[in-house]
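Residue numbers (this note's numbering), protein chains in the order written: chain A, 1 to 341; chain B, 1001 to 1341; chain C, 2001 to 2341; chain D, 3001 to 3341.
Every residue, glycine too, gets a C-beta built ideally from N, C-alpha and C.
There are 4 protein chains.
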Amino acid sequence: MLSFESDYTEGACPEILRRLAETNLEQTPGYGLDPYCESAKERIRGAFGAPDADVFFLVGGTQTNSTVIASMLRDYEGVVAVRTGHIGVHESGAVEYTGHKVLTLPDHDGKMDAGELEDFIAAFMADETRDHMVFPGMVYISFPTEYGTIYSKAELEAIHEVCCGRSIPLFIDGARLGYGLTSGANDLRPEDIPELCEVFYVGGTKVGALFGEAVVFPHHGAPAHFFTTIKQHGALLAKGRMLGIQFDTLFTDDLYFKAARHANEMADLLNGIFLEKGYEVFIDSPTNQRFYVMPRERAVELHGKVRFEDWCPAGDGKVAVRFVTSWATPVENVLALRDLI
Amino acid sequence: MLSFESDYTEGACPEILRRLAETNLEQTPGYGLDPYCESAKERIRGAFGAPDADVFFLVGGTQTNSTVIASMLRDYEGVVAVRTGHIGVHESGAVEYTGHKVLTLPDHDGKMDAGELEDFIAAFMADETRDHMVFPGMVYISFPTEYGTIYSKAELEAIHEVCCGRSIPLFIDGARLGYGLTSGANDLRPEDIPELCEVFYVGGTKVGALFGEAVVFPHHGAPAHFFTTIKQHGALLAKGRMLGIQFDTLFTDDLYFKAARHANEMADLLNGIFLEKGYEVFIDSPTNQRFYVMPRERAVELHGKVRFEDWCPAGDGKVAVRFVTSWATPVENVLALRDLI
Amino acid sequence: MLSFESDYTEGACPEILRRLAETNLEQTPGYGLDPYCESAKERIRGAFGAPDADVFFLVGGTQTNSTVIASMLRDYEGVVAVRTGHIGVHESGAVEYTGHKVLTLPDHDGKMDAGELEDFIAAFMADETRDHMVFPGMVYISFPTEYGTIYSKAELEAIHEVCCGRSIPLFIDGARLGYGLTSGANDLRPEDIPELCEVFYVGGTKVGALFGEAVVFPHHGAPAHFFTTIKQHGALLAKGRMLGIQFDTLFTDDLYFKAARHANEMADLLNGIFLEKGYEVFIDSPTNQRFYVMPRERAVELHGKVRFEDWCPAGDGKVAVRFVTSWATPVENVLALRDLI
Amino acid sequence: MLSFESDYTEGACPEILRRLAETNLEQTPGYGLDPYCESAKERIRGAFGAPDADVFFLVGGTQTNSTVIASMLRDYEGVVAVRTGHIGVHESGAVEYTGHKVLTLPDHDGKMDAGELEDFIAAFMADETRDHMVFPGMVYISFPTEYGTIYSKAELEAIHEVCCGRSIPLFIDGARLGYGLTSGANDLRPEDIPELCEVFYVGGTKVGALFGEAVVFPHHGAPAHFFTTIKQHGALLAKGRMLGIQFDTLFTDDLYFKAARHANEMADLLNGIFLEKGYEVFIDSPTNQRFYVMPRERAVELHGKVRFEDWCPAGDGKVAVRFVTSWATPVENVLALRDLI
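Quick look at the structure:
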């Protein structure tokens, strides 16, 4: 059955499988201390214009979020995120499990507002009882967000300025970074990201890899002994070169961005079909996740023909639904939707 | 350069890569809710004679240890392990990071002694101050151990009997389980394992997979909501079928045990060479890790020709060294050692 | 300077100091294993009509909340509280520090609504992604609340019914329990409390003791080895009898309730004065904390004459202020306010 | 019945109770922000010759240990202690509960050896696998130790020198500090302590107070926002002045040291009696805890007449027993022992 359920339903870009096969019997040291990881790091530094960056490879997103956040917070600090942030909703309390509170702000189609962030921190600083409260010690945003929306350069600059003004690091969850940077609506260059945050990660799992996330601390900013922290969090892959080979391949010949761009193009095509058919857009996302409103009965019927996610109730017997494309989505699959919806 | 450094220096059994390639563009649900995982679980239940077992797939060993241990202990309990146990030495305090103490017993070539375990628990129970202490809530052993040694069936039965008598679950870390079960010195059948513990895992990372550990709770014994616990620990793979495909392949046509048996045979061959050359055995391991004593100068020189690990000082200017074979070790590599050592 | 800043500005009921002095040189075992603690437990069981209750003494409120909550949740569970609940705002993240998320509901003058609680849990249960979320494992309310408001018997029954229907324990933070039970607006008897929750505590610190909170698990419901959990949380007092003597005294001759009733009477008197002077009530509390709206300038001026807390901005250049009475507040102090405000 | 069970069987020095009574109805701010705490801090700075010290008051010893240790360690670090250290044995895993491992060294009558400490850290630094291990991030010793023994100035200097050389802070648990500093065998002045560690605490609970421990960071060394950390650990007393009044009293007219000296004198007297009666000394302690060997039957019989602790089996049907004196022990009680033992 056709599936637009998520961007992690398929395997990996064929180039990755090919290189895994080619290198299979080579013997290299474990834990990421191999030449493939070194090469991949260098390519990522190049792609993001951050020659001094510290780069680390972890396996998955939730793991990366809790490892990075815990490593950068002091015990008495929490992380600020919007109410719909992945860390606060769909990570089974992984951040709290490390002892830290997620402090929440309202979201605007998944995005944080710089002004609201400033107000929140200012109110905290002005509160005479703040020594009995959790200190905001980091700001977490996703690019793109849970809703596929993206920050403009101006919006991201505004948030980073607030963070700098308060000496609070900004962490960008880039689980779908590629889809954001190759969106037609995006005005950020890859080189802008390291300038506008203290740490971000380049998502592999959802953008063409079997698994893997590349954490980047621009300008040598990694916390002391971050390798050990990764190990302590159970996030250190023994055969670390599997991560190196994947990211080395993704950042060769621009594969990462080509794969992401394809997904966005398929999403644009899909969007045209939905609009043509008269569906109401639920959230106006410019990346590979698209959201529409449909009568619940229609959705129920459609679930028999194609896989997609019911996102949330949309009132009046309607439901918001999500369709997701990936690097692997064939154009025929999208076109096939025209007859189904 | 030739390497006997560890059993995770190569990729995966070629059968695994082949199936990853064959299935690459299929679309399946994430998080292990796919048919490959189901099939793999069924094969594992079959291989270990445990038709009612709950089976879960995680990515790596340290992660598996801390997730399983934390899920089965109450907050006031700790886990009992020998002094040289992996969880107490080489996991960067991952168990303590979840809030639990590792209570240590002496080791005997890496093994726990059932009598010492009984004495330890009996002493705890007899201690009038025990309410101010950490309760022993689980027993952790490795099969094979850190030193490649294995428990006889009688030894394992004795430990399990102590655990049952005290109502304390026994956890077997099987990161190298295959190498233990196919050792010539072993008298345990795969079906014995589920009978003699409350939880164990079948290591994939070190026995032919790219990564992956299969946690088995015999007789429906999984802790409530263990899926959520895996997620909370950052141990849930989004593209979960990668684990299913690997274990499904490993437990098809006995591949797992064949791969392990090959490594043991290569280790036996290697051992013959070391003995022939007059080296002293440091620890008498019957699996794929072998330990010898050599003059430090000889070891330094040898490091220029072949990769292996210096294990520990052995007195008198000598050093204990470790040589490890794997499912992938070619016989020529072992034979090449004869001229080098 | 006159102070209505809080109910923990003075020492303890003189009867307590007297008994501490009388018993000072007696020698008793530590850690609460003394006759005074036994007697105090028995008196508390009597006062709350819970002859089978397990009773434990801890030192302070934040400590009690995090110890009780952590002891009753599984790792994958969180505690549900209203947005203004003390555990979510003014305990420096003590609950998160133990690894658990505080799941928030809206508050209504500090209170939880049973319907909203039911909806929240129902929505969680209906959410197909719930295995990636934090499970609601306990419900936390305060009686009285942060705003001095109290639940009616019907309201508390409704909340408890939701909890029972979902098999989720209800925890009542009774840091100011005495003030609630002796309020003129209250329709709950002490004997009702054990019937309507799985655990509650009787606050001593804010109701006449130097310090101390008595945790009550009705019907033998204490978590296994709760003594050890208390110790692990650093909440076990070495000279435990200091807690026993205090609670034994408070629950002799009804002292606890008399002391609380006095504070409520002083608060009623104070309220009459504020109303007489034409102040607007901010939140209509029937206990020892009272909230009024006043122009910010007036508040600033008044701070020079009497201690009280600015609670929050109230719009239009106004501020909400809090005045608190205690068991120790002399009637003259209240009357003196008439000339100041 | 006569008791030599511990030094926390009685209440507090009468001077303390008197001042609690005198100040009882005063109104002061909570949480230690009162004049009594300020005065007490100043007196402690004076008594220990540390005019720039940051001083904080906590309630009990286990709480103080885990709060201080967690506040000074990074997540990947553990604390080094001897095998018999209180934090590793009798605190119910409170340190591990905060996520940190206790790394153990052998003890010598309860004491750490500087050479063994240096060797341990040197071995860690030389271990090529150290990035997979827990980093030693703090050293913990007690003065006096669990066995009542004390470090000479030279011994303490040697340990501190190792710590300084490795940039690892030294923490002295002074739960019984007074008894150590007033021992006839001691050659350390109070002013030496701040020079020879990065943090220590002055135990009140066991030296004349109802409860309370004063944490001292010499030279403004407190971790950032330590107040909030105390709150997060549930260790912040609402009526904080109770701690201030107690320590202010203890450090007025040398009461703290006088009380401790009395206990030591009583212990010397008791020791004379035991030696006169021909008992074998088990551990030669020069402070208020004394250890002797006696036949088990004799011990059983004696338990019917006087309270004391059986410490551990001493072989051959014998048992080591502990007798403890306190600031409150009357000379008649000690003399009464002559007829009993």
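Residues near R1338 (chain B) in its chain [Cβ-Cβ closer than 6 angstroms; skip 5 each side] | Only I1273 meet the Cβ criterion.
Secondary structure, alpha helix (DSSP H): runs of 4+ residues fully inside the segment 3276-3312 of chain D | Listed in chain order, they are 3296-3303.
Entirely enclosed alpha helix (DSSP H) segments - the segment 1022-1048 of chain B, minimum 4 residues | 1035-1047
Beta-carbon separation (whole angstroms), Y1256 (chain B) vs G1208 (chain B), contact threshold 8 angstroms | 7 angstroms
Just the Cα atoms here: how many angstroms apart are E1155 (chain B) and L237 (chain A)?
-> Spanning the alpha carbons of E1155 (chain B) and L237 (chain A) requires a straight line of approximately 32 angstroms.
As assigned by DSSP and simplified to three states, the class of P2194 (chain C) = helix
Residues of the segment 2006-2024 of chain C with a CB closer than 8 angstroms to any CB of chain D: list them in chain order, please.
-> Residues S2006, Y2008, T2009, E2010, G2011, A2012, P2014, L2017, L2020, A2021, T2023 and N2024.
Please check if any C-beta of chain C sits within less than 8 angstroms of the C-beta of V89 (chain A).
-> yes
Under 7 angstroms Cβ to Cβ from P3169 (chain D), same chain only, skipping five residues before and after it: list those, please.
-> M3072, M3138, C3163, E3198 and V3199
When you check each C-beta in the segment 2048-2082 of chain C against every C-beta of chain A, which residues fall closer than 8 angstroms?
-> D2075, Y2076 and G2078
Where does P1138 (chain B) sit, in a helix, a strand or coil, going by DSSP?
-> The question names Pro, but residue 1138 (chain B) in the sequence shown is Met. Strand.
For I3159 (chain D) and G3221 (chain D), the rounded distance between their alpha carbons | G3221 (chain D) and I3159 (chain D) have their alpha carbons spaced roughly 19 angstroms apart.
If you measure beta-carbon to beta-carbon, which residues of the segment 90-110 of chain A are closer than 9 angstroms to chain C?
-> H90, E91, S92, G93, V95, E96, Y97, T98, G99, H100, K101, V102 and T104
From this set, C:R2176, C:Y2151 and C:A2235, which residue's C-alpha is nearest L2196 (chain C)'s C-alpha?
-> C:Y2151
Take F1342 (chain B) and list the residues in its own chain whose beta-carbon comes closer than 7 angstroms to its own, dropping the five residues that flank it on each side.
-> Summary: the structure shown does not reach residue 1342 (chain B), with chain B confined to residues 1001 through 1341, and so no result is reported for it.
Are the C-beta atoms of K2231 (chain C) and some chain B residue less than 8 angstroms apart?
-> Taking Cβ atoms only, chain B reaches closer than 8 angstroms to K2231 (chain C), which makes this a yes.
Around the C-beta of V1300 (chain B), are 16 or more other C-beta atoms found within 10 angstroms, so that it is buried, or is it exposed?
-> exposed
Count the C-beta pairs between the segment 2005-2019 of chain C and the segment 2248-2263 of chain C that are closer than 8 angstroms, then say yes if the count reaches three, no if not.
-> yes
Beta-carbon neighbours of M2978 (chain D), restricted to chain B and to distances below 9 angstroms = Nothing in the structure corresponds to residue 2978 (chain D), since chain D is present only between 3001 and 3341.
What beta strand (DSSP E) runs, 3 residues minimum, are completely inside the segment 197-237 of chain A?
-> 199-203 and 213-217
May I have the straight-line CA-CA distance separating L1002 (chain B) from Q232 (chain A), to the nearest angstrom?
-> 31 angstroms
Out of curiosity, what's the CA-to-CA distance linking E349 (chain A) and E2077 (chain C)?
-> Any property of residue 349 (chain A) remains undetermined from this structure, which presents chain A solely from 1 to 341.
Selected residue, minimal CA-CA separation from G93 (chain A), among A:Q63, A:I121, A:D107 and A:H108 | A:Q63
Determine which residues share a DSSP beta bridge with R1176 (chain B) and list them.
-> Answer is none; R1176 (chain B) lacks a bridge partner.
Pull up the distance between the alpha-carbon of S2066 (chain C) and that of L2058 (chain C), whole angstroms please.
-> 11 angstroms
Sheet register partners of D1054 (chain B) (DSSP bridge) = B:F1217
Using a beta-carbon distance below 8 angstroms, is T3084 (chain D) in contact with chain B?
-> Cβ-Cβ to chain B under 8 angstroms: no for T3084 (chain D).
Secondary structure at S183 (chain A), three-state DSSP: helix, strand or coil?
-> coil
F227 (chain A): contacting residues in chain D (beta-carbon distance under 8 angstroms) | Contact of F227 (chain A) with chain D by beta-carbon distance below 8 angstroms involves D3131.
With 16 other CB atoms within 10 Å as the buried threshold, where does H2219 (chain C) fall?
-> Looking at its Cβ environment, which holds fewer than 16 other Cβ atoms inside 10 Å, H2219 (chain C) is exposed.
Excluding sequence positions up to five away, which residues of its chain have a Cβ less than 6 angstroms from the Cβ of F1135 (chain B)?
-> Y1076 and E1077
Min CB distance A3260 (chain D) to chain A below 8 angstroms | no
Have a look at B:R1241, B:P1330 and B:I1172 and flag the residue whose alpha-carbon is nearest the alpha-carbon of E1157 (chain B).
-> B:I1172
Exposed or buried, what is E3213 (chain D) when buried is set at 16 or more other beta-carbons lying within 10 Å of its beta-carbon?
-> Answer is buried; the Cβ neighbour count reaches 16.
Simplified DSSP assignment, three categories, for V3334 (chain D) | helix
For a contact meaning CB atoms closer than 9 angstroms, what does A3224 (chain D) contact in chain A?
-> R74 and Y76
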